[in-house]
Amino acid sequence: MYVSQSDQVEVAVDEQLQGILDRLALPDDDRSFDRLFGIVESLYGKRLNISSISSPDQHHTGYWIDHDDYGVIMYRKADTATVRLHTLLHEFIHVVGRHSGCSARPEAADAIRNAGGGSIISIRGRSVTDGHLSDELQLEEAVAEQGAFALARWLRGAGSEAAADIF
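Residues 4 to 170 in this note's numbering are what the sequence shown spells out, letter by letter.
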């Protein structure tokens, strides 16, 4: 039986995302952002801070910065509340999925390093400088995007798949 490449990617995304959702073991009783944050931080195994990026030149919607003894998720302060929520949920999936670091834009990396202090293990934030991401990086981004919607559905208790109904 022939399986198309897009079907293979969809299966890989579904499998990876299901593993992350299984690790999260989201409860049915307390569907709050604080509860979700606590679960993510516990699975991460170290303190996790959330901070805004106020730079008007900021191209990324968010970053996950992994320090030796804590982590920081940064989001664009200028974005709407909906975009900020999606960004945080997207980064939560990267954290729980233990996705690899990446190349941040040079001007952003300096500002982020200055904001964090201490030793940095990796900075997560995709910049597509040549128009392409490797298959592995595309897969991680697809998992994080689908995962952000899954977490939003959990938070909202929404049965719908439509983004407008979830956010």
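Cβ coordinates follow ideal geometry from the N, Cα and C atoms, glycine included. Nothing here was measured: the structure is a model prediction, and the numbers come from that model.
Cβ distance (whole Å) where residue i is taken to contact residue j below 8 Å
i    : j    : result
A15  : L142 : 6 Å
G160 : R34  : 6 Å
L24  : V146 : Rounded, the Cβ-Cβ distance is 10 Å, inconsistent with contact.
Of the residues the options, the one placed nearest residue i, counting alpha carbons only
i    : options                : result
H93  : T64, K80 and A81       : T64
G48  : S54, P30 and D69       : D69
D82  : G22, F40, G100 and S57 : S57
M77  : Q19, S54 and A84       : S54
H62  : S45, T90 and L27       : T90
F190 : S103, Q11 and L88      : The requested residue 190 does not occur in the structure, where the chain is confined to residues 4 to 170.
F152 : D31, F95, S103 and I42 : F95
Same chain only: Cβ atoms within 7 Å of residue i, ignoring 5 sequence neighbours per side
i    : result
A17  : Note on residue identity: the sequence assigns Asp, not Ala, to residue 17. Answer for D17: no residue qualifies.
Q149 : V16 and L20
K80  : S55, I56 and S57
Residues that DSSP places opposite residue i in a beta bridge
i   : result
R79 : I56
D17 : Per DSSP, none; premise fails for D17.
Contacting residues, own chain, Cβ-Cβ under 6 Å from residue i (five flanking each side not counted)
i    : result
H135 : With a pLDDT of only 46 at H135, under the threshold of 50, the placement of this residue in the model should not be trusted, and no figure is reported.
L29  : W157
E13  : none
H102 : E143
Residues of its chain near residue i, where Cβ-Cβ distance is below 8 Å and the 5 sequence neighbours each way are ignored
i    : result
G74  : Y47, K49, R50, L51, N52, W67, I68 and V98
D133 : With a pLDDT of 42 at D133, under the threshold of 50, the modelled position of this residue cannot be trusted; read the value that follows with caution. None.
E44  : R50 and L51
I42  : L27, A28 and L29
*Whole beta strand (DSSP E) runs in the region 25–67 with 3 or more residues, listed along the chain?*
50–56
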